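In this text, residue positions in the sequence shown follow the working numbering: the first is 33, and each later residue adds one.
Note that beta-carbon positions come from the ideal geometry of N, C-alpha and C, so glycine has one too.
Computed from a prediction, not measured in an experiment: that's the story for all the values here.
Reviewing the structure listed below.
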Amino acid sequence: MKYSKPISSPTCFGERISTELEFVRKICRAEGETEADDDKLVDEFRRLAEHPDGSDLIYYPRDDREDSPEGIVKEVKEWRAKNGKPGFKQG
């Protein structure tokens with residue numbers, strides 16, 4: 033499964049957070065029909081987020097971060113903004 037819009041799109045890890053949040057929730061709930069489907073979702077998350085911790089954000093969260101889909105999305109958004117990545121509404 034590939035999401036057609038690039039990360040800089042307003043619908044990816046940015047202005048419309050519900051889209052990304054639902055995507056991460058789907059991963060956390062392992063909602064794929066097969067394990068292979070779940071693996072594809074995780075791969076797509078890594079591709080879209082571009083975060084150096086990759087899937088560890090999902091499976092091995094830092095102790096100082098909320099262990100939830102909301103915490104995952106927040107960490108990705110903060111990292112992308114800090115590193116000058118597109119797709120964020122400032123403020």
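How is residue i classed by DSSP in three states: helix, strand or coil?
{"i": "Gly-103", "result": "helix"}
{"i": "Glu-63", "result": "coil"}
{"i": "Glu-52", "result": "helix"}
{"i": "Arg-94", "result": "coil"}
Just the Cα atoms here: how many angstroms apart are residue i and residue j?
{"i": "Val-105", "j": "Gly-116", "result": "16 Å"}
{"i": "Thr-66", "j": "Cys-60", "result": "14 Å"}
{"i": "His-83", "j": "Arg-112", "result": "8 Å"}
{"i": "Ser-63", "j": "Lys-114", "result": "Looking at the sequence shown, residue 63 is not Ser but Glu. Distance between the alpha carbons of Glu-63 and Lys-114: 31 Å."}
{"i": "Pro-118", "j": "Asp-96", "result": "25 Å"}
{"i": "Glu-102", "j": "Leu-53", "result": "7 Å"}
What residue does the alpha helix (DSSP H) around residue i start on, and which one ends it?
{"i": "Tyr-91", "result": "88-91"}
{"i": "Asp-76", "result": "First, the amino acid is wrong: residue 76 is Glu here, not Asp. Where Glu-76 is concerned, the enclosing alpha helix (DSSP H) stretches over 67-81."}
Thinking C-alpha only, which one of the options is nearest residue i?
{"i": "Phe-77", "options": "Ala-113, Lys-109 and Lys-114", "result": "Lys-109"}
{"i": "Ser-87", "options": "Thr-51, Asp-71, Asp-95 and Glu-54", "result": "Asp-71"}
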